[in-house]
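In my numbering, the protein residues as written are 37 to 231. In this text, a Cβ means the ideal position worked out from N, Cα and C, and glycines have one as well.
Given below as structure tokens:
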């Protein structure tokens, strides 16, 4: 179990140069934009326009701050992603055009290399203790807007935008929020046959 503190995240330019992303964690460690197995990041989106394309990558986007964003993915009907909407999964190599709904947003991006990894992103709003069983190869718990305590073999406290990275043998964890808190639970697994 590792705690990733928001103050220690790494900022870097978008692949298309149109903005800045804050990298929470990448695997393998220190992998670049062309050779990661999986990557979790946040980005501030100030203007609409084309998304960076990543060949062979699947992506899930969720809105953390702001009113939301409308995505036109490979010519399909536009899809609105808001703070209330479920995280949206789509191929990161499909041409995607973004339009802001009402001003800038901050989003959460989870990306996995399609040939090697899969992922699922869940948004949970909790106000009472919640038990999480980390069954995936890697589980990440990001506290969006509140303080949480994680009870378990190694108790931990997370503040806003801190992330807990958990290996599958960690056992059940009890998440205790200080108040009403939004969590993102990210589960990443290897594709069968990729060790």
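Cβ shell of residue i (< 7 Å), same chain only, five flanking positions each side left out
| i | result |
| --- | --- |
| residue 63 | 72, 73, 74 |
| residue 116 | 104, 106, 137 |
| residue 80 | 55, 56, 140, 142 |
| residue 102 | 139, 140, 141, 142 |
| residue 161 | 216, 218 |
Neighbourhood of residue i by C-beta, 6 Å cutoff - its chain only, sequence neighbours within 5 removed
| i | result |
| --- | --- |
| residue 192 | 39, 186 |
| residue 169 | 208 |
| residue 131 | 110 |
| residue 156 | 223 |
| residue 119 | 99 |
| residue 47 | 56, 58 |
| residue 42 | 197, 198 |
Enclosing beta strand (DSSP E) for residue i [first to last residue]
| i | result |
| --- | --- |
| residue 137 | No beta strand (DSSP E) holds residue 137; DSSP gives it neither H nor E. |
| residue 185 | 184-187 |
| residue 125 | 124-127 |
| residue 163 | Segment: none, residue 163 is in no beta strand (DSSP E) and carries neither H nor E. |
| residue 218 | 217-226 |
| residue 193 | 192-194 |
DSSP-derived helix/strand/coil call for residue i
| i | result |
| --- | --- |
| residue 205 | helix |
| residue 17 | With the chain represented from 37 up to 231, any question about residue 17 goes unanswered, as that position is not in the structure. |
| residue 101 | strand |
| residue 171 | coil |
| residue 82 | coil |
| residue 121 | coil |
| residue 108 | strand |
| residue 65 | coil |
| residue 91 | coil |
| residue 37 | coil |
| residue 114 | coil |
| residue 77 | strand |
| residue 151 | coil |
| residue 71 | coil |
| residue 197 | coil |
| residue 213 | strand |
| residue 181 | coil |
| residue 131 | coil |
Rounded Cβ spacing between residue i and residue j (contact assumed at less than 8 Å)
| i | j | result |
| --- | --- | --- |
| residue 146 | residue 211 | About 19 Å; that fails the 8 Å criterion. |
| residue 166 | residue 220 | No, residue 166 and residue 220 are not in contact; Cβ-Cβ is about 13 Å, not under 8 Å. |
| residue 93 | residue 149 | 6 Å |
| residue 134 | residue 159 | Between residue 159 and residue 134 the Cβ distance is about 20 Å, and since that is not below 8 Å, they are no contact. |
| residue 37 | residue 206 | 6 Å |
8 Å Cβ shell around residue i - same chain, five flanking residues per side excluded
| i | result |
| --- | --- |
| residue 90 | 51, 69, 128, 129, 147 |
| residue 61 | 40, 75, 76, 176, 199, 201 |
| residue 171 | 204, 223 |
| residue 12 | The question about residue 12 has no answer, for the chain in this structure spans 37 to 231. |
| residue 124 | 96, 97, 98, 107, 115, 117 |
| residue 67 | 73, 75 |
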